[in-house]
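Comments concern the structure below.
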Amino acid sequence: MNWRPAKRSKLTIVLALVVAAVSASVYFLQPTPPMLRDNNVEGGFQMGFYDVMSQKKEIYDISLKSTRGVMMANITSPDDNRFVLKGKFTPREKKRGKIYFNLSPIFYGSEKKGLMIDGLVDQLMYSNYWMEPVYLDNQSLVVGQNGTIFVYPVQN
Amino acid sequence: MNKCYRSVNNWLIDVPSGSILHLTTGERKRLGEYQLKLLDILAQGAGNIFTREELTNLVWERRVIGNNSLPNAIHALRTALEDDGKTQRIIKTIPRKGYLLEADYCCVVEKDEDEVNEAHEEAPADEPPLPLPGEAAHDRPPEPIGEDAAPVSAPAPIAVAQRRPRSLLTFLMVALLSALVTASVCWYLFDGSRDRLAAHEIQSGVYSNIRIYAIETTGEPAYMSANLYSKLKDLLYGLDQLLRLQSATMNIYFYSNNSSLSYSFMLSNPCDKKQLAMTIYHWRTDTVQLNNLILRETRRKLNELATCKAK
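Protein sequences appear in the order of chains A and B. Under our numbering, the first residue of the first sequence is numbered 30, with each subsequent residue one higher. Under our numbering, the first residue of the second sequence is numbered 255, with each subsequent residue one higher.
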């Protein structure tokens with residue numbers, strides 16, 4: 030059987046297919062970060078906002094639970110039992126190592142105004158908040174868009 | 255630049271390169287000098303009968319050639335042009351007269367010279383041309399002009415069969431190269447290390463119970479870690495002693511975008527772990543207050559750490 034030499038146009042099509050296949054593989058075979066991979070991980074940590082200049086301090090307890098790739102967050106304040114933020118973080122896209130989330134607020138209640146956490150709440154509510162997993166030896170860190178660093182799975 | 259070329263049965267005669275180029279598939283076949291010259295002469299006078307003597311004089315001029323040279327060259331051309339001695343669709347043998355190239359298969363095409371040359375450059379350079387009449391004539395029986403019998407020996411090697419492995423290899427190499435380049439580009443775009451955060455340990459081995467990790471954007475100078483460490487150095491010595499007394503260890507992670515400092519620590523002892531993620535605004539304004547704040551919060555979490563029962 031004599032093979033006919035490929036036409037240049039067909040060669041281009043085949044190369045385009047190779048390029049498309051490799052792109053798709055690279056895109057879809059990116060490692061899933063543990064914060065989405067581990068199912069039913071539950072834990073929490075404490076988060077604090079401090080202002081050295083005005084000597085203000087706000088402490089919050091963060092409780093996180095991930096189920097089937099969705100993260101449920103519950104933020105409460107040990108100093109103010111009226112402060113509650115409950116929401117569901119759904120990963121929207123992965124881009125350059127960052128995972129962008131949509132927050133679906135379930136409940137938000139705060140009596141006080143002018144809290145330092147309000148900046149974070151606003152960011153969570155009205156923008157696609159991203160978190161970036163950072164791998165370090167045998168630890169898995171997560172850095173949030175506002176700079177918050179925590180070890181995941183979380184321990185309080 | 256466009257140039258006029260003769261073509262026979264869709265094979266463009268490219269005299270400078272000594273080959274014929276298929277107009278549709280782009281396949282190129284190298285021909286011997288005299289075979290190409292013969293084809294060119296036949297194409298120039300397409301539809302006219304050339305006698306054996308005329309062709310011999312025009313092609314080989316004053317060279318002394320064997321009796322079989324012309325029939326062999328004709329045979330090679332037929333094979334190259336996908337014609338054969340039986341059907342004689344393209345090159346006809348006119349009994350007792352000579353040869354004729356069927357005018358229906360000939361035309362003049364205008365083609366970009368660069369495109370023709372480019373195709374030539376892509377063709378393998380070491381591909382042997384179809385055998386020259388003088389070379390092959392000795393082991394091939396004469397092709398009688400009157401009867402035009404089918405050749406006994408194997409037909410002249412066609413470039414297709416020889417091109418195949420090399421073309422396939424080239425194609426595979428190009429495909430592999432494309433895959434590699436694409437993978438690299440995709441990695442760079444989708445998940446590349448550019449603008450990624452990376453953690454690295456600083457002041458390793460300085461403290462017995464504290465490990466400090468700076469988180470920085472890849473590629474940026476690590477001045478921040480040195481800057482913060484110089485502000486907290488004395489505090490960390492004190493905390494290290496405190497941790498040693500309580501048999502606890504602490505991992506510190508920090509990251510700063512200048513306006514605020516993210517300082518998190520994880521306290522651990524054999525039976526408990528506590529972590530606090532601190533976001534400190536205006537951290538550069540007062541180093542003493544920054545130290546006091548971190549000391550206070552570390553102590554607070556250290557006090558929350560469960561005490562291990564002695565076994």
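Even glycine gets a Cβ: it sits at the ideal position worked out from N, Cα and C.
Through-space distance from residue 532 of chain B to residue 520 of chain B, alpha-carbon basis: Here residue 520 of chain B corresponds to residue number 266 of the second sequence, with the count starting at 1. Here residue 532 of chain B corresponds to residue number 278 of the second sequence, with the count starting at 1. The straight-line gap from Cα to Cα measures roughly 11 Å.
Enclosing alpha helix (DSSP H) for residue 323 of chain B [first to last residue]: In the second sequence, counting from the first residue as 1, residue 323 of chain B sits at position 69. 323 to 334 is the span of the alpha helix (DSSP H), which, as asked, contains residue 323 of chain B.
Separation of residue 438 of chain B from residue 336 of chain B, as counted between CA atoms: Your numbering for residue 336 of chain B matches position 82 in the second sequence. Your numbering for residue 438 of chain B matches position 184 in the second sequence. One C-alpha to the other measures close to 45 Å.
Residue-level contact to chain B via CB, residue 119 of chain A, 7 Å cutoff: Here residue 119 of chain A refers to the residue found at position 90 when the first sequence is read from its first residue. Interface annotation, residue 119 of chain A: not in contact with chain B, CB-CB separation never under 7 Å.
Buried or exposed (CB count within 10 angstroms, at least 16 for buried), residue 407 of chain B: Counting from 1 along the second sequence, the entry for residue 407 of chain B is found at position 153. Residue confidence is low: residue 407 of chain B scores 39 on pLDDT, short of 50, so the model does not pin down where it sits. Its coordinate-derived value is still stated next. Exposed, since its Cβ has fewer than 16 Cβ neighbours within 10 Å.
Three-pair Cβ contact test at 8 Å for the stretch 294 to 307 of chain B versus the stretch 256 to 265 of chain B: Yes: the two stretches touch, three or more of their Cβ pairs being nearer than 8 Å.
8 Å CB neighbourhood of residue 75 of chain A in its chain, flanking five on each side removed: Here residue 75 of chain A corresponds to residue number 46 of the first sequence, with the count starting at 1. The answer, listed in chain order, is 88, 89, 90, 91 and 185.
Counted within 10 angstroms of its Cβ, other Cβ atoms place residue 251 of chain B as buried (16 or more) or exposed: An answer regarding residue 251 of chain B cannot be provided, because it is not within the stretch 255 to 565 covered by chain B.
Identity of the residues DSSP links to residue 465 of chain B by a beta bridge: The sequence position of residue 465 of chain B within the second sequence is 211, counting from 1. Residue pairing from DSSP places residue 465 of chain B in a beta bridge opposite B:505.
Option nearest residue 131 of chain A by Cα separation, candidates A:107, A:72, A:108 and A:158: By one-based count along the first sequence, residue 131 of chain A stands at place 102. When only C-alpha atoms are compared, the closest one is A:158.
Nearest residue (CA-CA) to residue 468 of chain B, options B:501, B:458, B:548 and B:454: Locating residue 468 of chain B in the second sequence gives position 214, counting from the first residue. Selected option, being the one with the closest Cα: B:454.
CB of residue 295 of chain B within 7 Å of CB of residue 312 of chain B, strictly: Locating residue 295 of chain B in the second sequence gives position 41, counting from the first residue. Locating residue 312 of chain B in the second sequence gives position 58, counting from the first residue. A contact, by the Cβ cut-off of 7 Å.
Close-in-space but distant-in-sequence residues of the same chain around residue 415 of chain B (CB under 7 Å, 5 per side omitted): Position 161 of the second sequence, counting from 1, holds the residue named residue 415 of chain B. Any answer about residue 415 of chain B is weak, because its pLDDT of 42 lies below 50 and its placement is not dependable; what the coordinates show is given next. Excluding residues within five positions, none has a Cβ falling inside 7 Å.
Under 8 Å from the C-beta of residue 537 of chain B: neighbouring residues of chain A: Residue mapping note: residue 537 of chain B aligns to position 283 of the second sequence, counting from 1. For residue 537 of chain B, the chain A residues whose Cβ falls inside 8 Å of its Cβ are 81, in order along the chain.
Neighbourhood of residue 269 of chain B by C-beta, 7 Å cutoff - its chain only, sequence neighbours within 5 removed: Position 15 of the second sequence, counting from 1, holds the residue named residue 269 of chain B. These residues qualify, in order along the chain: 290 and 294.
C-alpha distance - residue 102 of chain A paired with residue 151 of chain A, whole-angstrom precision: One-based indexing of the first sequence puts residue 102 of chain A at position 73. One-based indexing of the first sequence puts residue 151 of chain A at position 122. Cα to Cα, residue 102 of chain A sits roughly 15 Å from residue 151 of chain A.
Closest Cα partner of residue 84 of chain A within the set A:100, A:117 and A:145: Here residue 84 of chain A is taken as the residue at index 55 of the first sequence, counted from 1. Ranking the options by Cα distance to residue 84 of chain A, first place goes to A:145.
Any chain A beta carbon closer than 7 Å to residue 431 of chain B: Along the second sequence, one-based indexing puts residue 431 of chain B at 177. Any Cβ of chain A closer than 7 Å to the Cβ of residue 431 of chain B would place that residue at the interface, and such an atom is absent.
Rounded C-alpha distance that separates residue 357 of chain B from residue 43 of chain A: As a position in the second sequence, residue 357 of chain B is number 103, starting the count at 1. As a position in the first sequence, residue 43 of chain A is number 14, starting the count at 1. When rounded, the distance between both Cα atoms is 38 Å.
Length at least 3, wholly inside the stretch 112 to 158 of chain A: the beta strand (DSSP E) runs in chain order: Scanning the stretch 112 to 158 of chain A for uninterrupted beta strand (DSSP E) segments of 3 residues or longer gives 113 to 124 and 127 to 138, listed from N- to C-terminal end.
Alpha-carbon spacing of residue 569 of chain B relative to residue 93 of chain A, whole angstroms: Coverage of chain B is limited to positions 255 through 565, which leaves residue 569 of chain B absent and any answer about it impossible.
Residue 160 of chain A burial status per 10 Å Cβ neighbour count (16 or more: buried): For the purposes of this step, residue 160 of chain A is identified with residue 131 of the first sequence, where counting begins at 1. Burial is judged here by how many other beta carbons sit within 10 angstroms of a residue's own beta carbon; residue 160 of chain A has at least 16 and is buried.
Against chain A: residues of the stretch 531 to 562 of chain B by CB proximity under 8 Å: Hits within the stretch, in order: 531, 532, 533, 534, 535, 536, 537, 539, 540, 543, 544, 547, 551 and 555.
Residue 42 of chain A: contacting residues in chain B (beta-carbon distance under 9 Å): Your numbering for residue 42 of chain A matches position 13 in the first sequence. One finds nothing in chain B with a Cβ atom closer than 9 Å to the Cβ of residue 42 of chain A; even the nearest lies about 12 Å away.
Neighbouring residues, chain B, relative to residue 161 of chain A (Cβ below 7 Å): Within the first sequence, numbered from 1, the residue matching residue 161 of chain A stands at position 132. Taking the beta carbon of residue 161 of chain A as reference, the chain B residues within 7 Å of it are 451, listed in sequence order.
Residue nearest to residue 280 of chain B in terms of C-alpha spacing, selected from B:353, B:292, B:267 and B:287: Numbered from its first residue, the second sequence carries residue 280 of chain B at position 26. Restricting attention to B:353, B:292, B:267 and B:287, the CA atom closest to the CA of residue 280 of chain B is found in B:267.
Residue-chain proximity (residue 114 of chain A, chain B), Cβ-Cβ < 7 Å: As a working note, residue 114 of chain A is residue 85 in the first sequence. With 7 Å as the cut-off, residue 114 of chain A does not count as an interface residue toward chain B.
Beta carbon proximity, residue 75 of chain A to chain B, threshold 7 Å: The count along the first sequence starts at 1 and reaches residue 75 of chain A at position 46. Yes, residue 75 of chain A counts as interfacial toward chain B.
7 Å Cβ cutoff met for residue 324 of chain B and residue 306 of chain B: Counting from one through the second sequence, the residue named residue 324 of chain B turns up at place 70. Counting from one through the second sequence, the residue named residue 306 of chain B turns up at place 52. In this structure, residue 324 of chain B lies near residue 306 of chain B, with their beta-carbon atoms less than 7 Å apart.
7 Å Cβ cutoff, residue 504 of chain B in contact with chain A: Stepping through the second sequence from its first residue, residue 504 of chain B is reached at position 250. For residue 504 of chain B, the closest Cβ of chain A is not nearer than 7 Å.
Backbone CA spacing between residue 322 of chain B and residue 332 of chain B [nearest angstrom]: For the purposes of this step, residue 322 of chain B is identified with residue 68 of the second sequence, where counting begins at 1. For the purposes of this step, residue 332 of chain B is identified with residue 78 of the second sequence, where counting begins at 1. Approximately 15 Å between the Cα atoms of the pair.
Where the stretch 477 to 509 of chain B meets chain A: residues whose CB sits under 8 Å from a CB there: Cβ contacts with chain A come from 505, 507, 508 and 509.
Listed by chain order, chain A residues near residue 469 of chain B by CB distance under 8 Å: Within the second sequence, the letter at position 215 stands for residue 469 of chain B. What residue 469 of chain B touches in chain A, judged by beta-carbon distance under 8 Å, is 163, 170, 172 and 178, going in chain order.
Proximity test, Cβ basis, 7 Å: residue 518 of chain B and chain A: For the purposes of this step, residue 518 of chain B is identified with residue 264 of the second sequence, where counting begins at 1. It does: the Cβ of residue 518 of chain B has a partner Cβ on chain A nearer than 7 Å.
Minimum Cβ-Cβ distance from residue 330 of chain B to chain A less than 7 Å: On the second sequence, residue 330 of chain B is found 76 positions in, with the first residue counted as 1. Taking Cβ atoms only, chain A never reaches closer than 7 Å to residue 330 of chain B, which makes this a no.
Amino acids of chain B, ordered along the chain, whose beta-carbon sits closer than 7 Å to that of residue 78 of chain A: What you label residue 78 of chain A is simply residue 49 of the first sequence in a count that begins at 1. 533, listed in chain order.
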